[in-house]
Each structure stands twice: as C-alpha cells, then as structure tokens.
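Participant: Protein chains in written order, with numbering that gives the first Met the number 0: chain A, 0 to 309; chain B, 0 to 339.
All C-beta atoms, glycine included, are put in the ideal place defined by N, C-alpha and C.
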Amino acid sequence: MANIVQMLADGLIFSCIIVLGAIGLSLIYSIADFANFAHGDLMTVGAFGGLVGATEFAKLLPGDSIVFFELPISLYFGLLFGMAAAAAVTLVTERLIYRPLKDAGSIELLITSIGIALAYRAIIQLSFGADQERYEIASQGRIDWFFEATQSLGGIALTQRDFVILVVTILLVVGLHTLLQYTTLGRKMRATADNPSLARVSGIRTREVVLAMWIIGGALAAAGGVFLGIDTLVRPRMGFDLLLVVFAAVILGGIGSVYGAMLGGLVIGMAHELTPAIPFVPVEYAPAVAFALMIIILLVRPQGIMGEAT
Amino acid sequence: MGVVVVVGLSILVSLFIFELSFIVPTYAVAGMWILLALGLNVQWGYAGLINFSVAAFWGIGMYSVALLSAPGSPLGFEFNPGVALVAAIVVSALTALIIGIPTLRLRADYLAIASIGFAEIIRELVSNERELTAGTQGVSIPALLPELATSLDAVFAPDAPAFPYRGLVDFLLVAITVFVVYLFLRRLHISPWGRVLRTIRSDEDLAKALGKNTYWLKMQAFVLGSVLMAIAGFFYAYQFRFVLPETLEPINTFYVWVAVILGGTGSNRGAILGGLTLVAVRVFPSFFINFLALDVNVGAVRLLIVGLLIIGIVRFRPQGILPPRSELIWPAARDGGEKQ
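See the structure below:
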C-alpha cells in the first residue's frame, strides 16, 4: 500500500514532464496535421538550452547564493532561456523546412520530421559532446514535514525540486488554459485546430496561429526537457527516448485535444511509474509497458478518450 | 541490367581508391544494407506501409544466428547456419504476422507509431532477457563456412596469410542472395500481385471496390519484406561476428529509410543504389575525419548527414534518384498515396 502511494506520487512528477511534451505534440498533430517525430528532440534542445542558460546566468549573478526551494535562481533563468531557445529553434525550423513543404502530405512531413530530429540530435552532440551532463544542483533529501504529514498513507518521499516541477507545470498548464479560453488568440487557435478551412474563410490568419502554436509547443516541450534534466540527467538521447511515451499520451488523450493531452500524460506517466506494481513485469520494462498501452489504445480507441478534434 | 553495370562500376572505381582487404568486406556490408532496403521497398514502396520496425526484424535475423548457432550462445545449441537461416525466416514471418494482424488496419501515421513501439518492445526484451540473449554483453559468432574461406585463400593467395580474401565468402554469399532477391522482386513487381499492391498504395478504396482483400495483400507484403530484413540480419551476424542489442536501435531503421527514399520509393534499382550510398555515408565521414585529423564525433557527423539527407530528399527530390519506370498503371499511382 505504502509502496503504491509513493509510486503514484513519483508518477505524478513524471506525468508533468509527459504532459508538457504531449501538449505541443498534440497541437502540432492537429493544426499542422502530421506526427512530429522531432518533438522529443525538441525537448532535448530545451534541456541543453536550459543548461547553457543556467551556466551563463550563474556567471552573471554574484556567487549564485539566491536559492528558491533548494534550486539556484540561475536554474530558473535557465528554464526561461531554454524555453525561449526551443521556441526560436521551432520558428527557424518552420521557416526553413516546413513552410517550403506546405503542399506536402502528412506522410512526407512525418518523414521530414525524422530528418529534423536526427539533425537536432547531431548538432547537440557536435556542440556538447555525446556524453551526459547534469544541472548544477545539490542532491536533495525528502521533505520531512511532508513525509510526516502523509504518515497515515505510509509516508510520501518527495524532494523540493519535485514540488517545483509540479508547481511550474501547473502554472504553465493553467496559463495555457487561460490563453485558450479567454483570449482572442486562444479562440483562433481552437478554431484552427477544429477546422482549418473554416477558420481561414472566417478571416482568421491561420498562418499566425500556426506560428503561435509552434512557439507554445516548443516552449512547453523545452520546460518538459529541463524538468527531465533536473529529474535525471541531460543526455542527447533523452528526448527521443521519451518521444514514444509522449506519443502514447497524445493518442490516449485524443489528437488535437489539449485537455486530452493533459489527461493522457497523467495516465501514461502513472502507468510508467506503476510498472513495478504489475506482477511478473520487471521494472526495466517501464517504457515497454507505456508502448504496449499505446498500441492497445491505437487498436481499441484510436480517437482517444477525449475524442479527436478534427 | 543497368544495375549490374552501376554496381560493377562502383566496385571498379573503389578498386582504385581503396585496398582490396577493405573493399571486399565493405561491399559485403553494402549487400546486407541493400537486402534491408529491398525488404523495406516491398513494404513502403510497393504497399505503402510505413514500417518503423526494420531494426527489429534485422535483429531477429542476427539473433537467430547468435542464439542458435554460435558457441557462445546462452542457449547452447550450436546448430549449423542453415538451421539459423530457417529459424530467422520462420521467426520473422511469425513476428510480422503477430505485429501485422492488429496494426495493418491502422491509419498510415498510426502504423508508423505502433510499429516503432513494437520495435522498441522487442529491443527491450533482447537487452533485458539476459538468460536468453546475453543482454548487453552481446554474443560472438564464428565465421560462416570457414572451410570455404581456407580453400579460396589456397587458390587465390597461396603465399599470403589468410588476409587478402577476408570477407570474400561473406561477399559472395550476399552478392548471390541480392542477385536472386532482385530478380525475384523485379518479377514480382510486374506481376498481377505487384500491380494490385501499387493500386492499394495509391487508392486503397479503389482496390477494395475491385474486390481485392487489401488487408491480406498488405499482410503478404509486410511478411515478405520482414523476412528479407531477417535474412539481412543473418548476414550481418556473420559479417560483424558479434551482435549487441544496440544494433536494434531505431536509428538503424531510419538508415534503411534513407536508402529507400534516396534511391526512389518503389524502385528496386533505387534500393540497390540507396544501399550503396548508405555505406558511403557510413564509411566516408570517418575516412575524412581521420584524413584531416579533425576532432569531431564521427557518429554525430553521420547522424547530421542522414538527417539533412532525409530533409533534402523530401524537399528537392521526393521521387528519389532512380524512381520506378513508367508502368502499366495510371500516372498518379507512381507518386504514391499522397492525396489522402
């Protein structure tokens, strides 16, 4: 019992990373109409952007003594820098590669996105080396008061950085929700995702909407990448290894549905961390369990739980 | 027979640049990649199936050899290579059926995602089930037909140590296999079966309306292509004499995709050209980097070249270098099912 609660808590933190990746992937899948295999490597771009940002800000700031929730403040600047970097990279990619291909079918775009994924990873390996890196953060122990407070459930061991990941993810998700529901841009985005032709004849400049969608998707993916880097390590393969799990979340949630992507990310993240609780399945098979779940969803309910927004 | 001329010319040209002891094994490897590309061409070029599990079927072939015929196998069988070949064919055909039954009904992009998911599950199984596959330790494999290599050396280079014709057996066997497979696929391509497949690729509803069981025909193409990939894996095992779960990583699937789309989707000549180009892409970067004594990561350079090749082909020459010739089919069918 105690074990399960702890796994659920870990699953929640892992879900945050998946949700951040899944939102952008789902938006691109529905508005640009293709499965973007470069989205995982975009998360890697964000994580390395965060690494560069954090290192540079640490040099600028005196002694780097300011610490929020046991994470140096330079890391928060690094997060913002990584998000901006990934957004810029998506814009350049869109301008140079996707825009000239605007007449191509979704299969051509899918194949192109694999080329883009490999190019991103190659450039990262050429600039940073093929080895793993880590953010400059001290190792943290569990939060004692939280562990005591949840003693009735058997005690949940979470670190401060887990809370930072959770809170920032919630802020980003709520921000996106506000944008989608209460702003003109959000209404345009929902209209374009729902029916691009109808949106265009209604006078919406879908081109701007598509750009906004790339920026949002890229920035959120970068945040997911930075959190994955905080949680584990920063590696050139980190994003690609996560990509299929993110796809699983998108398909489970229903392609094009932002809220579906959030829900799908939550379920897949939990399933990933709950693997040890499944009898006869060793813990090394956590990704395999997520993939199996994805294949089952594709077969049983390809429109996802929230339905496809097309 | 233009293909024979092209391959012959490329061998002739490389004879002037490289030493024989480098060329023979390299062309053996090229033959292996060509088999992979021919297999994928049956699936993607003929039937329009986006299969991203190439590396998994390749792995089934190489692990059939490693587990059934290598002395270092954790299973300890040491059957002869023929048994391993039959096992590779049977296991890959069965796996293709198991993967195909649920997924071939899916939309094209869903098939892409589901097949790469299956491939990753197979890779996880190979790297984690250590008692069965030796996991990340890998398995080493003895030479294929060692007596033949010794007798070839005795005929061609009686004075030299066994060096000059290293890999000649591998090369000859691959070359014969590629030749036979090529003739077979060429015949298949112009057969009624091939025409129906191309019809399915360009307009599946039309094929259905004509009373064709498109699902079953796609399954046949999927199984045939997968078996060819497993045969390529069989040769890989003997050429590199060592197999690791790493070889099953998705990047190798994408290498084969580059070979097929670069050569020309649906074209067997293209698959041969693509396979040769791919080996060049894999060989030349390390050659140049060593030559110029640069301090860069060869793997990353290769990755960048492959990535840019994919982007460039789709952008500038989507039909590939050697697209299929005009055939007894309406023109739109050649371009593939892009309009859906």
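Would you mind reading off the limits of the alpha helix (DSSP H) that contains Leu293(B)?
Facilitator: What you label residue 293(B) is simply residue 294 of the second sequence in a count that begins at 1. For Leu293(B), there is no enclosing alpha helix (DSSP H), as DSSP marks it with neither H nor E.
Participant: Between the C-alpha atoms of Ala29(B) and Val180(B), what's the straight-line distance to the nearest angstrom?
Facilitator: By one-based count along the second sequence, residue 29(B) stands at place 30. By one-based count along the second sequence, residue 180(B) stands at place 181. In a straight line, the C-alpha of Ala29(B) is about 15 Å away from that of Val180(B).
Participant: Take Asp230(A) as the anchor and find which of Ile27(A), Met261(A), Phe13(A) has the nearest alpha-carbon.
Facilitator: Position 231 of the first sequence, counted from the first residue, corresponds to residue 230(A). Of the candidates Ile27(A), Met261(A), Phe13(A), the one whose C-alpha sits nearest the C-alpha of Asp230(A) is Phe13(A).
Participant: Answer with yes or no whether the minimum CB distance from Met293(A) to chain B is below 8 Å.
Facilitator: Start at 1 with the first residue of the first sequence, and residue 293(A) comes out as number 294. At least one chain B Cβ lies under 8 Å of Met293(A).
Participant: Please list the terminal residues of the continuous alpha helix (DSSP H) segment that includes Pro191(B).
Facilitator: Here residue 191(B) corresponds to residue number 192 of the second sequence, with the count starting at 1. It spans 191-201 - the alpha helix (DSSP H) in which Pro191(B) sits, taken as one unbroken run.
Participant: If we count the other Cβ atoms within 10 Å of its Cβ and call it buried at 16 or more, is Val12(B) buried or exposed?
Facilitator: As a working mapping, residue 12(B) is identified with position 13 in the second sequence. It counts as exposed.
Participant: Would you mind stating whether Val173(A) and Thr191(A) have Cβ atoms separated by less than 8 Å?
Facilitator: Along the first sequence, one-based indexing puts residue 173(A) at 174. Along the first sequence, one-based indexing puts residue 191(A) at 192. No, the pair does not count as a contact, with Cβ atoms beyond the cut-off.
Participant: Please compile the residues from chain A whose C-beta is within a distance smaller than 9 Å of the C-beta of Asn127(B).
Facilitator: As a first step, residue 127(B) must be located in the second sequence, where it is residue number 128. In chain order: Pro281, Glu283, Tyr284, Ala287.
Participant: Report the CB separation of Tyr134(A) from Gly228(A) in whole angstroms; it is logged as a contact under 8 Å.
Facilitator: To locate residue 134(A), count along the first sequence from 1; it is residue 135. To locate residue 228(A), count along the first sequence from 1; it is residue 229. Right, the Cβ-Cβ distance comes to about 6 Å (below 8 Å), so this counts as a contact.
Participant: State yes or no: is the beta carbon of Gly116(B) nearer than 8 Å to at least one beta carbon in chain A?
Facilitator: Here the question's residue 116(B) lines up with position 117 in the second sequence. Interface residue, yes.
Participant: From the beta carbon of Ala340(B), is the nearest beta carbon of chain A less than 8 Å away?
Facilitator: This structure cannot settle anything about residue 340(B), because the visible part of chain B is limited to 0 through 339.
Participant: Per DSSP, what are the beta-bridge partners of Pro71(A) in this structure?
Facilitator: On the first sequence, residue 71(A) is found 72 positions in, with the first residue counted as 1. Answer by DSSP bridge pairing, in chain order: Val66(A).
Participant: Could you check whether the Cβ of Val3(B) sits closer than 8 Å to any Cβ belonging to chain A?
Facilitator: Reading the second sequence from its first residue, position 4 is the one you call residue 3(B). Val3(B) does not count as touching chain A.
Participant: For Pro278(A), is the classification buried or exposed, using 16 other Cβ atoms within 10 angstroms of its Cβ as the cut-off for buried?
Facilitator: Working through the first sequence from its first residue, we reach residue 278(A) at position 279. It is exposed - the Cβ of Pro278(A) has fewer than 16 other Cβ atoms within 10 Å.
Participant: First and last residue of the alpha helix (DSSP H) that includes Leu327(A)?
Facilitator: Because chain A is modelled from 0 through 309, residue 327(A) falls outside the range shown and cannot be assessed.
Participant: Would you mind sorting Asn194(A) into buried or exposed? The rule is 16 or more other CB atoms within 10 Å of its CB.
Facilitator: As a working mapping, residue 194(A) is identified with position 195 in the first sequence. With fewer than 16 Cβ atoms within 10 Å of its Cβ, Asn194(A) is classed as exposed.
Participant: With DSSP as the reference, identify every bridge partner of Glu132(A), one or two as the case may be.
Facilitator: The count along the first sequence starts at 1 and reaches residue 132(A) at position 133. Beta-bridge pairing links Glu132(A) to Val233(A).
Participant: What residues of chain B sit near Leu117(A), judged by a beta carbon separation below 8 Å?
Facilitator: Reading the first sequence from its first residue, position 118 is the one you call residue 117(A). The answer, in chain order, is Ile250, Phe253, Leu302, Leu303, Val305, Gly306, Ile309.
Participant: Kindly indicate if chain B contains any beta-carbon less than 8 Å away from that of Glu272(A).
Facilitator: For the purposes of this step, residue 272(A) is taken as residue 273 along the first sequence, with counting starting at 1. Not an interface residue.
Participant: Between the beta-carbon of Phe36(A) and the beta-carbon of Leu109(A), is there less than 8 Å?
Facilitator: Here residue 36(A) corresponds to residue number 37 of the first sequence, with the count starting at 1. Here residue 109(A) corresponds to residue number 110 of the first sequence, with the count starting at 1. Against a cut-off of 8 Å, the Cβ pair of Leu109(A) and Phe36(A) comes out as a contact.
Participant: Compare the Cα-Cα distances from Phe290(A) to each of Leu241(A), Gly259(A), Arg300(A) and report the closest residue.
Facilitator: Indexing the first sequence from 1 puts residue 290(A) at position 291. When each option's Cα is compared against that of Phe290(A), the closest is Leu241(A).
Participant: From the beta carbon of Leu205(B), is the nearest beta carbon of chain A less than 8 Å away?
Facilitator: Here residue 205(B) corresponds to residue number 206 of the second sequence, with the count starting at 1. So no, Leu205(B) is outside the interface.
Participant: With DSSP run on the structure shown, which of helix, strand or coil describes Val280(A)?
Facilitator: As a first step, residue 280(A) is located in the first sequence; it is residue number 281 there, counting from the start. Three-state result, Val280(A): coil.
Participant: Among Gly114(A), Arg204(A), Leu125(A), Phe226(A), which has the Cα closest to the Cα of Leu171(A)?
Facilitator: Counting from one through the first sequence, the residue named residue 171(A) turns up at place 172. That would be Phe226(A), whose Cα lies nearest to the Cα of Leu171(A).
Participant: Examine the Cβ distances between the region 183-195 of chain B and the region 57-71 of chain B and report whether three or more of them are shorter than 8 Å.
Facilitator: With contact defined as three or more Cβ pairs closer than 8 Å, the region 183-195 of chain B and the region 57-71 of chain B are not in contact.
Participant: Check the Cβ-Cβ distances between Pro195(A) and every residue of chain B, and say whether any is below 8 Å.
Facilitator: Locating residue 195(A) in the first sequence gives position 196, counting from the first residue. No, its Cβ sits nowhere closer than 8 Å to a Cβ of chain B.
Participant: Kindly indicate if chain A contains any beta-carbon less than 8 Å away from that of Ile59(B).
Facilitator: By one-based count along the second sequence, residue 59(B) stands at place 60. Ile59(B) does not count as touching chain A.
Participant: Just the C-alpha distance for Glu337(B) and Gly23(A), rounded to the nearest angstrom, thanks.
Facilitator: Position 338 of the second sequence, counting from 1, holds the residue named residue 337(B). Position 24 of the first sequence, counting from 1, holds the residue named residue 23(A). With a pLDDT of only 45 at Glu337(B), under 50, the local geometry of the prediction cannot be trusted, and no value is derived from it.
Participant: Report the neighbours of Asp294(B) on chain A: residues whose CB is nearer than 9 Å to its CB, in chain order.
Facilitator: The sequence position of residue 294(B) within the second sequence is 295, counting from 1. Those do not exist, as Asp294(B) stays about 11 Å from chain A at its closest Cβ, beyond 9 Å.
Participant: How about Ile310(B) and Gly128(A): do their beta carbons lie closer than 8 Å?
Facilitator: Residue 310(B) sits at position 311 when you count from the first residue of the second sequence. Residue 128(A) sits at position 129 when you count from the first residue of the first sequence. For Ile310(B) and Gly128(A), no; Cβs fall outside 8 Å.
Participant: By DSSP, does Ser14(A) sit in helix, in strand, or in coil?
Facilitator: For this step, residue 14(A) is matched to residue 15 along the first sequence. Note: Ser14(A) maps to helix in three-state DSSP.
Participant: Is there a Cβ of chain A sitting closer than 8 Å to that of Arg281(B), yes or no?
Facilitator: In the second sequence, residue 281(B) corresponds to position 282, counting from 1. Output row for Arg281(B): interface = no.
Participant: How close, in whole Å, do the beta carbons of Met42(A) and Glu272(A) come, if the pair is a contact with beta carbons under 8 Å?
Facilitator: The count along the first sequence starts at 1 and reaches residue 42(A) at position 43. The count along the first sequence starts at 1 and reaches residue 272(A) at position 273. Going by Cβ atoms, the distance from Met42(A) to Glu272(A) rounds to 18 Å, so no, they are not a contact pair.
Participant: Would a check of beta-carbon distances place Ala248(A) closer than 8 Å to chain B?
Facilitator: By one-based count along the first sequence, residue 248(A) stands at place 249. Using a CB distance cut-off of 8 Å, Ala248(A) does not count as an interface residue toward chain B.
Participant: When the distance is taken between beta carbons, is Gly263(B) closer than 8 Å to Pro323(B)?
Facilitator: Here the question's residue 323(B) lines up with position 324 in the second sequence. Here the question's residue 263(B) lines up with position 264 in the second sequence. Cβ atoms of Pro323(B) and Gly263(B): closer than 8 Å.
Participant: For a cutoff of 8 Å on Cβ pairs, would you count Thr111(A) as touching chain B?
Facilitator: Residue 111(A) sits at position 112 when you count from the first residue of the first sequence. Yes, Thr111(A) lies at the interface with chain B (some Cβ there is under 8 Å from its Cβ).
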